[in-house]
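Report on the structure given below.
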Amino acid sequence: MIDLSKLGPLIQQVVTLGSIGGNGLQTAIALVAQFKAVLASQGYESDTSELEKVIADASRRQAIAAKEKEAEA
Amino acid sequence: MLRTNKRGAILIAALALLVLSGCASLGGPRHVSTVGLVSAHSVLSAIQDTEMRLVCGRQGAPAAPLCVPVPTHRQISAHLEQAFALEVRAAMLVRSLPPGTPQPAEVVTILVQVNALVRQAMELLPDGKDKAVLAQSIGGQK
Numbered sequence: 000m001i002d003l004s005k006l007g008p009l010i011q012q013v014v015t016l017g018s019i020g021g022n023g024l025q026t027a028i029a030l031v032a033q034f035k036a037v038l039a040s041q042g043y044e045s046d047t048s049e050l051e052k053v054i055a056d057a058s059r060r061q062a063i064a065a066k067e068k069e070a071e072a
Numbered sequence: 000m001l002r003t004n005k006r007g008a009i010l011i012a013a014l015a016l017l018v019l020s021g022c023a024s025l026g027g028p029r030h031v032s033t034v035g036l037v038s039a040h041s042v043l044s045a046i047q048d049t050e051m052r053l054v055c056g057r058q059g060a061p062a063a064p065l066c067v068p069v070p071t072h073r074q075i076s077a078h079l080e081q082a083f084a085l086e087v088r089a090a091m092l093v094r095s096l097p098p099g100t101p102q103p104a105e106v107v108t109i110l111v112q113v114n115a116l117v118r119q120a121m122e123l124l125p126d127g128k129d130k131a132v133l134a135q136s137i138g139g140q141k
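First to last, the sequence lines map onto chains A and B. Residue numbers in the first sequence follow numbering that gives the first Met the number 0, run continuously in steps of one, and reach 72 at the last position. Residue numbers in the second sequence follow numbering that gives the first Met the number 0, run continuously in steps of one, and reach 141 at the last position.
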């Protein structure tokens, strides 16, 4: 999920830059880099959360499998 | 005024294109590993849930030869235990990676090992409707 509250100020800067029609190519490139950094950090946190869910559930299932390995007829 | 607005619109469109074009590469190796592990976990979970329902003599299990005999159930459980343990190891490894780190070769090796265990577990399941449905749900592993 993208945190729009973090992207809001960046979008505002883009709009402002566009509306004044300035020749701020470097500013625009810097804004793109900031945009990408925000999106990447969101992806990193999201992946970490998914990995933690996998670790928790896989550990639980591993314990079940270990118990079932000893199941009696 | 009109010219300024046009330039502004072009600039915004250019920025949008730049950002969108970068989106696909934002995930990086850590994201690719995460997707692989989440996918592998779904497959293993589906096998475990299905197989546990098919153990001969348990409530709701089908009759022989469609049920899983207990000795076979033990074998499958042993494979699953090993696969889940490998998965935990790989997930912990990937979780510890800082942004931008290349995917460790160990994660790929573990996923290959998990895939081999999935195949062995699937081979032990008796042929029938449940196995066919399971194979379809996990993407054709037989």
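All C-beta atoms in this analysis are idealised placements derived from N, C-alpha and C, irrespective of residue type, glycine included.
Pair within 9 Å by beta-carbon distance, residue i and residue j
i	j	result
residue 65/A	residue 86/B	no
residue 46/A	residue 29/B	yes
residue 96/B	residue 32/B	yes
residue 50/A	residue 107/B	no
residue 43/B	residue 82/B	yes
residue 163/B	residue 46/B	Only positions 0 to 141 of chain B appear in the structure, and residue 163/B is not among them; the question remains open.
Under 9 Å from the C-beta of residue i: neighbouring residues of chain A
i	result
residue 76/B	63, 64, 65, 66, 67, 68, 69 and 70
residue 47/B	60, 63, 64 and 67
For residue i, the residue or residues it bridges with in DSSP
i	result
residue 31/B	Its beta-bridge partners do not exist; DSSP assigns none.
residue 67/B	54/B
Closer than 8 Å at the beta carbon, the chain A residues around residue i
i	result
residue 73/B	67, 68, 69 and 70
residue 44/B	56 and 60
residue 132/B	Residues of chain A passing the Cβ test: none, with the nearest at roughly 20 Å.
residue 29/B	43 and 46
Beta-carbon neighbours of residue i, restricted to chain B and to distances below 7 Å
i	result
residue 49/A	33 and 37
residue 29/A	Near residue 29/A there are no residues of chain B at all, since even the closest Cβ is about 11 Å away, more than 7 Å.
Contact set between residue i and chain A, taken where Cβ atoms lie within less than 7 Å
i	result
residue 52/B	Going along chain A, no residue has its Cβ under 7 Å from residue 52/B, so there is no contact; the nearest lies around 12 Å.
residue 80/B	61, 64, 65 and 68
Cβ of residue i within 9 Å of any chain C Cβ
i	result
residue 124/B	Checking the listed chains, one finds no chain C in this structure; the protein chains it contains are A and B.
Review point. Does the pairing of the region 57 to 71 of chain B with the region 112 to 121 of chain B give three or more beta-carbon distances under 8 Å?
Key: no
Check your understanding: Taking Cβ-Cβ distances below 7 Å as the criterion, which residues of the region 82 to 98 of chain B are in contact with chain A?
Key -> 83, 84, 86, 87, 90, 91, 93, 94 and 98
Review point. What residues in the region 110 to 122 of chain B bring their beta carbon closer than 7 Å to a beta carbon of chain A?
Key: none
Check your understanding: Taking any Cβ of chain A, which residues in the region 59 to 70 of chain B have a Cβ under 9 Å from it, in chain order?
Key -> 68, 69 and 70
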